[in-house]
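In what follows, a single structure is set out as structure tokens and then discussed.
Protein chains: 2
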Amino acid sequence: MAAKPFDGRGIMTPTLPRALLFDVFGTTVDWFGSVSRKISEVSSSVQQSVDSAGLTLNWRRAYYSGMAKVISGKCAWHRVDQIHREALDELLPRYELDCIDSTQRDDLNQIWHCLDPWPDSRSGLTKLRQNHYVATLSNGNLDLLIDLARHGNLQWDTLFCSDLFQHFKPDAETYLGACRLLALQPAEVMMVACHRGDLDAAASYGLCTAFVTRTLEYGGHEKADHASASEYDYVATDFIDLARQLEAA
Amino acid sequence: MAAKPFDGRGIMTPTLPRALLFDVFGTTVDWFGSVSRKISEVSSSVQQSVDSAGLTLNWRRAYYSGMAKVISGKCAWHRVDQIHREALDELLPRYELDCIDSTQRDDLNQIWHCLDPWPDSRSGLTKLRQNHYVATLSNGNLDLLIDLARHGNLQWDTLFCSDLFQHFKPDAETYLGACRLLALQPAEVMMVACHRGDLDAAASYGLCTAFVTRTLEYGGHEKADHASASEYDYVATDFIDLARQLEAA
Numbered sequence: 025m026a027a028k029p030f031d032g033r034g035i036m037t038p039t040l041p042r043a044l045l046f047d048v049f050g051t052t053v054d055w056f057g058s059v060s061r062k063i064s065e066v067s068s069s070v071q072q073s074v075d076s077a078g079l080t081l082n083w084r085r086a087y088y089s090g091m092a093k094v095i096s097g098k099c100a101w102h103r104v105d106q107i108h109r110e111a112l113d114e115l116l117p118r119y120e121l122d123c124i125d126s127t128q129r130d131d132l133n134q135i136w137h138c139l140d141p142w143p144d145s146r147s148g149l150t151k152l153r154q155n156h157y158v159a160t161l162s163n164g165n166l167d168l169l170i171d172l173a174r175h176g177n178l179q180w181d182t183l184f185c186s187d188l189f190q191h192f193k194p195d196a197e198t199y200l201g202a203c204r205l206l207a208l209q210p211a212e213v214m215m216v217a218c219h220r221g222d223l224d225a226a227a228s229y230g231l232c233t234a235f236v237t238r239t240l241e242y243g244g245h246e247k248a249d250h251a252s253a254s255e256y257d258y259v260a261t262d263f264i265d266l267a268r269q270l271e272a273a
Numbered sequence: 025m026a027a028k029p030f031d032g033r034g035i036m037t038p039t040l041p042r043a044l045l046f047d048v049f050g051t052t053v054d055w056f057g058s059v060s061r062k063i064s065e066v067s068s069s070v071q072q073s074v075d076s077a078g079l080t081l082n083w084r085r086a087y088y089s090g091m092a093k094v095i096s097g098k099c100a101w102h103r104v105d106q107i108h109r110e111a112l113d114e115l116l117p118r119y120e121l122d123c124i125d126s127t128q129r130d131d132l133n134q135i136w137h138c139l140d141p142w143p144d145s146r147s148g149l150t151k152l153r154q155n156h157y158v159a160t161l162s163n164g165n166l167d168l169l170i171d172l173a174r175h176g177n178l179q180w181d182t183l184f185c186s187d188l189f190q191h192f193k194p195d196a197e198t199y200l201g202a203c204r205l206l207a208l209q210p211a212e213v214m215m216v217a218c219h220r221g222d223l224d225a226a227a228s229y230g231l232c233t234a235f236v237t238r239t240l241e242y243g244g245h246e247k248a249d250h251a252s253a254s255e256y257d258y259v260a261t262d263f264i265d266l267a268r269q270l271e272a273a
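Here is the structure:
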């Protein structure tokens with residue numbers, strides 16, 4: 025009888041990473057498309073015409089600056105839901121949408137729990153899960169990640185979120201915390217993302233890296249990150265391509 | 025249009041707990057049956073006859089005493105895999121199984137990652153997940169819980185384990201930590217277990233409780249916990265019965 029690969033944990037390919045950690049916003053789900061459509065709906069419902077792409081992009085920028093305040097210590101810990109909600113209050117008047125009341129704002133904020141996956145995400149994850157643990161490693165809060173998984177019917181083995189560690193990516197505590205909880209060495213774990221910053225941080229802590237190109241992350245309004253083949257352990261066009269490359273490795 | 029129940033999180037029944045946290049060993053999976061069968065196999069393979077029920081029950085007792093040492097501060101943090109493995113080294117000589125080598129012991133220890141679910145667990149969870157978040161809240165380590173979910177094809181929304189909190193149940197940090205990560209009040213969360221101690225602790229921290237009877241938890245060799253209808257918020261014969269009761273509530 026052949027020795028059990030990976031001491032019987034059911035993971036079949038000993039030369040490959042045992043766990044894949046996925047960035048979510050942009051890498052797994054299409055925030056731009058989902059949020060801009062929702063903004064258009066909401067603005068129509070209050071008879072306003074709005075630059076929904078602009079508001080979407082600014083909302084996303086405000087998420088980064090909200091996290092930066094926490095990372096730098098200027099702000100106490102904020103869940104991403106709070107960061108999104110506070111950013112919305114700041115942004116709506118600039119788009120002449122201050123008529124939207126508090127309940128409608130809560131409802132609009134909830135769109136971040138219902139982002140559509142990219143067309144390949146679901147089937148790609150299912151394929152990747154056959155040979156690897158698959159988990160999120162996201163700055164989103166846990167209930168948001170649960171809702172995204174339900175909305176997109178994404179089968180994760182478990183969810184790692186910033187609130188578990190009280191740190192946002194790219195802080196070391198997130199990448200290394202996930203490895204510790206999986207009882208794996210960083211070299212046995214691969215970060216999968218469409219953002220170079222996320223992968224560069226992961227690599228600096230010893231994780232393997234897979235870059236996935238998401239050309240339309242910003243709906244074509246801004247240039248998405250790009251990588252050439254030699255820059256990361258894997259560079260893939262989508263999750264299905266990544267699964268194919270890992271199977272062939 | 026009716027108001028979105030639970031601010032759009034997709035949970036449909038506002039008068040019921042939004043999240044169900046499940047004990048795993050005994051409540052969701054049959055540790056006694058799975059472990060005792062594995063011990064029989066291993067002892068046959070080394071031409072030994074062994075009291076597999078007795079060894080299984082003692083192994084389980086050693087798990088409790090191993091955790092008690094951590095809870096009382098006598099020992100540093102131990103993952104459950106370590107507690108099981110150290111207990112095995114202590115127990116095997118008492119059963120004249122010291123011939124089993126280190127690799128075989130690792131393999132035997134891994135049985136705790138492959139425990140069969142009770143016959144109702146999978147379909148019951150699928151039913152319960154329609155209206156509630158469903159998650160583990162277990163003293164098992166995370167990779168063990170992932171492996172159990174894969175082995176039994178159990179669809180959890182997420183996994184809470186003791187290593188997240190560096191505390192074992194029944195410490196408050198586990199129950200309240202899960203509530204905090206879900207951004208729910210304890211009263212919005214229900215602990216589901218076949219152990220009175222687990223539920224009594226959960227109730228003392230403000231969680232709702234559901235007792236599920238698992239008469240055969242100890243394979244009939246020891247009396248399993250029992251509860252009468254008034255003692256917990258719900259008392260059910262299995263997960264499917266619990267789903268029925270929650271739907272009717």
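Same order as they appear, the protein sequences are chains A and B.
So in this note's numbering, the last one in the first sequence is 273, and the numbering has no gaps at all.
So in this note's numbering, the last one in the second sequence is 273, and the numbering has no gaps at all.
Built from N, CA and C at the ideal position, the CB exists for glycine as well.
Apply the 10 Å Cβ neighbour rule to residue i and answer buried if 16 or more other Cβ atoms are within range, or exposed otherwise.
i, result
"G148 (chain B)", "buried"
"T239 (chain B)", "exposed"
"D47 (chain A)", "buried"
"W101 (chain B)", "exposed"
"G244 (chain B)", "exposed"
"R84 (chain A)", "buried"
"T276 (chain B)", "As shown, chain B starts at 25 and ends at 273. That puts residue 276 (chain B) outside it, with no answer to give."
"K62 (chain A)", "buried"
"Q72 (chain B)", "exposed"
"P41 (chain A)", "buried"
"S60 (chain B)", "buried"
What residues of chain E sit near residue i, judged by a beta carbon separation below 8 Å?
i, result
"T52 (chain A)", "Considering every chain present, this structure includes no chain E. Its protein chains are A and B."
Could you check whether residue j and residue i sit closer than 9 Å to each other, using their CB atoms as the reference points?
i, j, result
"Y199 (chain A)", "A234 (chain A)", "no"
"L183 (chain B)", "A159 (chain B)", "yes"
"F189 (chain A)", "V94 (chain A)", "no"
"D140 (chain B)", "V53 (chain B)", "yes"
"V70 (chain A)", "L121 (chain A)", "yes"
"Y242 (chain A)", "A248 (chain A)", "yes"
"D181 (chain A)", "I170 (chain B)", "yes"
"C138 (chain B)", "N163 (chain B)", "no"
"L231 (chain A)", "P210 (chain A)", "yes"
"V213 (chain B)", "A202 (chain B)", "yes"
"H175 (chain B)", "L270 (chain B)", "no"
"D105 (chain B)", "W136 (chain B)", "yes"
"S76 (chain B)", "S89 (chain B)", "no"
"L79 (chain A)", "Y119 (chain A)", "yes"
May I have the straight-line CA-CA distance separating residue i from residue j, to the nearest angstrom?
i, j, result
"A217 (chain A)", "S254 (chain A)", "16 Å"
"G221 (chain A)", "E197 (chain B)", "34 Å"
"R109 (chain A)", "N133 (chain B)", "47 Å"
"L81 (chain A)", "Y87 (chain A)", "10 Å"
"L161 (chain B)", "M91 (chain B)", "15 Å"
"R268 (chain B)", "T39 (chain B)", "15 Å"
"N165 (chain A)", "A43 (chain B)", "16 Å"
"A273 (chain B)", "L168 (chain A)", "27 Å"
"S58 (chain A)", "W142 (chain A)", "11 Å"
"A260 (chain B)", "W55 (chain B)", "20 Å"
"Q128 (chain A)", "L115 (chain A)", "14 Å"
"D262 (chain A)", "V74 (chain A)", "32 Å"
"L266 (chain A)", "T237 (chain A)", "11 Å"
"E65 (chain A)", "L45 (chain A)", "33 Å"
"I264 (chain B)", "G97 (chain A)", "48 Å"
Please list, in chain order, the chain A residues whose beta carbon lies closer than 9 Å to that of residue i.
i, result
"Y199 (chain B)", "Here the premise fails: no neighbours, minimum Cβ distance about 15 Å."
Listing by chain order, which chain B residues have their CB less than 9 Å from the CB of residue i?
i, result
"D187 (chain A)", "R204, L205, A207"
"I107 (chain A)", "Simply none; closest approach about 14 Å."
Consult DSSP for residue i and reduce its assignment to one of helix, strand or coil.
i, result
"L178 (chain B)", "coil"
"S236 (chain B)", "In the sequence as displayed, the identity of residue 236 (chain B) is Val instead of Ser. Residue state, collapsed to three classes: strand."
"P141 (chain B)", "strand"
"T52 (chain B)", "coil"
"C203 (chain B)", "helix"
"Y88 (chain B)", "helix"
"L45 (chain A)", "strand"
"S60 (chain B)", "helix"
"Y256 (chain B)", "coil"
"Y157 (chain A)", "strand"
"L149 (chain A)", "helix"
"L81 (chain B)", "helix"
"L183 (chain A)", "strand"
Report the neighbours of residue i on chain A: residues whose CB is nearer than 8 Å to its CB, in chain order.
i, result
"R103 (chain B)", "A207"
Which residues of chain B have a Cβ atom closer than 7 Å to the Cβ of residue i, listed in chain order?
i, result
"N165 (chain A)", "A207"
"I124 (chain A)", "Here the premise fails: no neighbours, minimum Cβ distance about 15 Å."
"T182 (chain A)", "L166, I170, T182, L183"
Residues of chain B with CB under 8 Å from residue i, in chain order?
i, result
"Y157 (chain A)", "D167, I170"
I want to check one thing, is the minimum distance from the CB of residue i to the heavy atoms of the ligand ADP below 8 Å?
i, result
"A251 (chain A)", "In the structure on display, the ligand ADP does not appear, and there are no ligands present to speak of."
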